[in-house]
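A.B. asks:
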Amino acid sequence: MTAAFILVCSVGFLLMFFVSYCRSLLATSSTVALTQEVREVAGIANGISPDDFHRVLQLLQLCPDRPEERGRVRTVSAYYGFLGLVRSTLAVAVPSLKSWADRERAQCGYFAAVALGRRIAFSRDLLAQQMLP
Amino acid sequence: MPGPLQYAVWFLCTLLEAFVVVCAIKRSAFRRYLFLNIYMSAEVLASMVRFEILHKYGFQSLTYAYFYYYSDALLTILLFLTLSSLYSDVFSELNAERYVQMGSVVLLAGTALFSFAVVQQSFTTVQPSGKIFFHFVLETSQNLYFVGLVLTYILWAAVLKLRETRARLIQLVLSLGVYFSLYAANYALRNLYPSVEAIFVVLNPLIGCFLPFAWAYAFWKLPEEARLAPAQLAVTSR
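In the order they appear, the protein sequences are chains A and B.
In this text, residue positions in the first sequence follow the numbering used here: the first is 39, and each later residue adds one.
In this text, residue positions in the second sequence follow the numbering used here: the first is 23, and each later residue adds one.
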């Protein structure tokens, strides 16, 4: 009985802390402006939609990896997966959840686009270093 | 004996813990988050001593078991003190540090007393005091994790209510919340399904890696001056 109570409470707390933690990760990138070049490369010139995340992530994987942001990208991918689950299950019963999940999914896409911008800049730096005599 | 994968996770976790302290020193945040850094340093030290004892006496030895659980209890108390220091930080503008310290001592003593009562009730026959003390240490450690989870939730509510904006502090609190919830859920699952306990035991060190990873990120990537709007982070559908 006690174990079941602890389980229910801890899963509830876990979801709340996980969502807030991921939103704090997203918030740190939401203030970064996307360059026109990144917008064109990612195909988000007219704004980012909730379904763009996977496509931008694929582009991200084509660029040389930056180990320092690998963990964050994985965490946000897990969050995106969680939001997809919420959208296809709970949101059927609570329609306001659907628009919330979509806004969050678009934020995940924006986060991936910011990471893409950083990786493009990183690749350029690498190339420039290799070109040096 | 632990397998290569368990050794790898153990090694990675210890490295991450050391990295947290290095990052804090490098970002001049060691003294500001003193208890947090003492806790991480103690984790590194405990890991090294555990490794030494494991190789000297073996995994099945009583020495290893006793050292593991006693050091775990001490580390849990240190983590609890880290949490109360985060409370002091959040409530610093209200000059409530003294009350926070008093409250955490009372709560710690209360949890210890409650755990002692539970252990004493579970032994119907007279047992050696050493055995009772060992079970008391185990019980206190586990109860402190749940108390820690509830306290972190209250701290998070205070962060939102007081409109705390320090990004680093917010991430430290949130990652502590995720860690406590994962640990408490794992502990509860182990008790609910003892037949598959082995799976949940394996998960423990992986959960242990999350906290130093998230804290290292908070120190490394977020400057002390970074600010966040906490209203953006609350779990509410706008």
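Ideal Cβ positions, reconstructed from N, Cα and C, are used throughout, including at glycine.
Every value quoted in this text rests on a predicted model; they were computed, and no experiment measured them.
Spatial neighbours of ILE3/B within its chain, please: C-beta separation below 8 Å, excluding the five flanking residues on both sides.
C.D. replies: A query on residue 3/B cannot be resolved here, the shown segment of chain B reaching from 23 to 260 and no further.
A.B. asks: Okay, do the stretch 65 to 82 of chain B and the stretch 34 to 43 of chain B touch, 3+ Cβ pairs below 8 Å being the bar?
C.D. replies: yes
A.B. asks: When you compare the CB positions of GLY199/B and THR174/B, do they come within less than 9 Å of one another, or not?
C.D. replies: yes
A.B. asks: Check the Cβ-Cβ distances between TYR59/A and every residue of chain B, and say whether any is below 9 Å.
C.D. replies: yes
A.B. asks: Between the Cα of GLN55/B and those of HIS157/B, TYR91/B, LEU191/B, spot the shortest distance and give me the residue it belongs to.
C.D. replies: Note that residue 55/B is Tyr in the sequence shown, not Gln. Of the listed residues, the one whose Cα sits closest to TYR55/B is LEU191/B.
A.B. asks: Any C-beta of chain A sitting closer than 9 Å to the C-beta of VAL200/B?
C.D. replies: yes
A.B. asks: Could you work out which residues of chain A lie near TYR239/B, taking near to mean beta carbons separated by less than 8 Å?
C.D. replies: GLY109, ARG110
A.B. asks: Any contact between the stretch 122 to 139 of chain A and the stretch 96 to 107 of chain A? By contact I mean 3 or more CB pairs, one from each, below 8 Å.
C.D. replies: no
A.B. asks: May I have the straight-line CA-CA distance separating PHE145/B from PHE158/B, to the nearest angstrom?
C.D. replies: 11 Å
A.B. asks: Say yes only if the C-beta of SER114/B is nearer than 8 Å to one or more non-hydrogen atoms of the ligand SAM, and no if none qualify.
C.D. replies: Absence of the ligand SAM from the depicted structure is noted, as is the absence of any ligand whatsoever, leaving it without description.
A.B. asks: If SER197/B and ASP94/B are in contact, beta carbons under 8 Å, what's the gap, nearest whole angstrom?
C.D. replies: Actually they are not in contact, since the Cβ atoms of SER197/B and ASP94/B sit about 20 Å apart, beyond 8 Å.
A.B. asks: Just the chain A side, please: which residues come within less than 8 Å of PHE235/B by C-beta, in chain order?
C.D. replies: GLY109
A.B. asks: Which one of ARG156/A, ALA71/A, LEU165/A, GLY147/A has the shortest CA to CA distance from ARG61/A?
C.D. replies: GLY147/A
A.B. asks: Along the chain, where does the alpha helix (DSSP H) that runs through PHE113/B open and close?
C.D. replies: Looking at the DSSP string, PHE113/B is not in any alpha helix (DSSP H), and its letter there is neither H nor E.
A.B. asks: Buried or exposed for VAL152/A, please, with buried defined as at least 16 other CB atoms from any protein chain shown within 10 angstroms of its CB.
C.D. replies: buried
A.B. asks: Of the residues ASN213/B, GLU246/B, ALA240/B, which one's Cα is nearest the Cα of GLU107/A?
C.D. replies: ALA240/B
A.B. asks: Starting from ILE192/B, find everything on chain A with Cβ-Cβ shorter than 7 Å and list it in chain order.
C.D. replies: SER62
A.B. asks: Name the residue from GLY125/B, GLN143/B, ILE99/B, LEU100/B whose alpha carbon lies nearest to the alpha carbon of SER110/B.
C.D. replies: GLY125/B
A.B. asks: Hey, does ALA42/A have any beta-carbon neighbour from chain B nearer than 9 Å?
C.D. replies: yes
A.B. asks: Using a Cβ cut-off of 9 Å, which residues of the stretch 205 to 230 of chain B contact any Cβ in chain A, in chain order?
C.D. replies: Those residues of the stretch 205 to 230 of chain B that come within reach of chain A (Cβ to Cβ, closer than 9 Å) are TYR205, ALA206, ALA207, ASN208, TYR209, ALA210, LEU211, ARG212, ASN213, LEU214.
A.B. asks: Opposite ARG249/B in the DSSP bridges: which residues?
C.D. replies: ARG188/B
A.B. asks: Just how far apart, CA to CA, sit ILE47/B and GLU39/B?
C.D. replies: Going from the Cα of ILE47/B to the Cα of GLU39/B covers about 13 Å.
A.B. asks: In three-state terms, what does DSSP make of CYS101/A?
C.D. replies: coil
A.B. asks: Pick from ILE154/B, ASN165/B, PRO216/B: whose alpha carbon is nearest that of LEU101/B?
C.D. replies: ASN165/B
A.B. asks: For PHE168/B, go through chain A and note every residue whose CB falls closer than 7 Å to its CB, in chain order.
C.D. replies: ILE44
A.B. asks: Rounding to the nearest angstrom, what Cα-Cα distance links ALA150/A and VAL181/B in this structure?
C.D. replies: 28 Å
A.B. asks: For THR85/B, name the three-state secondary structure that DSSP assigns.
C.D. replies: Note: THR85/B maps to helix in three-state DSSP.
A.B. asks: Check whether chain A comes within 9 Å of ALA30/B, counting only Cβ atoms and requiring the distance to be less than that.
C.D. replies: Cβ-Cβ to chain A under 9 Å: no for ALA30/B.
A.B. asks: For LEU177/A and chain B, any beta-carbon pair shorter than 9 Å?
C.D. replies: With chain A represented from 39 up to 171, any question about residue 177/A goes unanswered, as that position is not in the structure.
A.B. asks: State the Cα-Cα distance for the pair TYR88/B and VAL94/A, rounded to the nearest angstrom.
C.D. replies: If you take the alpha carbons of TYR88/B and VAL94/A, they lie about 51 Å apart.
A.B. asks: Keeping to the same chain, check which residues put their C-beta closer than 7 Å to that of LEU228/B; ignore five residues upstream and five downstream.
C.D. replies: VAL31
A.B. asks: Nearest-angstrom Cα distance between LEU64/A and VAL114/A?
C.D. replies: 8 Å
A.B. asks: Let me know the secondary structure DSSP gives ALA159/A once reduced to three states.
C.D. replies: Under the three-state reduction of DSSP output, ALA159/A falls in the helix class.
A.B. asks: From which residue to which residue does the alpha helix (DSSP H) around SER68/A run?
C.D. replies: 40 to 68
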